[in-house]
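In terms of full-length UniProt numbering, the sequence shown opens at residue 1 and continues consecutively. In what follows, a single structure is set out as structure tokens and then discussed.
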Amino acid sequence: MSLYGYGERGGLVDAELTALATAGATALLQQMVGDGWAGLRDRVVALFARGRDETDVQEDLEEVRADLVAAHDAGD
1 MSLYGYGERG GLVDAELTAL ATAGATALLQ QMVGDGWAGL RDRVVALFAR GRDETDVQED
61 LEEVRADLVA AHDAGD
């Protein structure tokens, strides 16, 4: 029995981590499409760059942002 009551691998912990990841991803995507992106971009780049070139990460994020903005503007 684990501390969480669902065995050593799974159950409640997996569900909670999935919910946390989903909430974080949703908040990030909302910021990427909105006006808040400029103020958040450098911090997100630093987080995702860990061990990678920050310029590459920033380019990847800007490409994804362009796709998100286009989809948002098209009503998708």
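Note that beta-carbon positions come from the ideal geometry of N, C-alpha and C, so glycine has one too.
Segment limits, alpha helix (DSSP H) that includes residue i
| i | result |
| --- | --- |
| Arg-50 | It is not in any alpha helix (DSSP H) - Arg-50 carries neither H nor E in the DSSP assignment. |
Own chain, CB closer than 7 Å to residue i, minus 5 neighbours either side, in chain order
| i | result |
| --- | --- |
| Glu-16 | none |
| Ala-49 | Val-57 |
| Asp-29 | Looking at the sequence shown, residue 29 is not Asp but Leu. Here the set comprises Leu-68. |
Spatial neighbours of residue i in its chain, beta-carbon cut-off 6 Å, leaving aside the 5 residues before and after
| i | result |
| --- | --- |
| Trp-37 | Gln-31 |
| Leu-68 | Met-32, Val-33 |
Buried versus exposed, by CB contacts within 10 Å (16 or more), residue i
| i | result |
| --- | --- |
| Val-64 | exposed |
| Met-1 | In this predicted model, Met-1 has a pLDDT of only 43, less than 50, meaning its place in the structure is not dependable enough to derive any value. |
Residues near residue i in its chain [Cβ-Cβ closer than 8 Å; skip 5 each side]
| i | result |
| --- | --- |
| Ala-46 | Glu-54 |
| Arg-52 | none |
Mind the definition here: the segment 28-44 touches the segment 58-66 only if three or more C-beta pairs lie below 8 Å; say whether that holds.
Yes, they touch.
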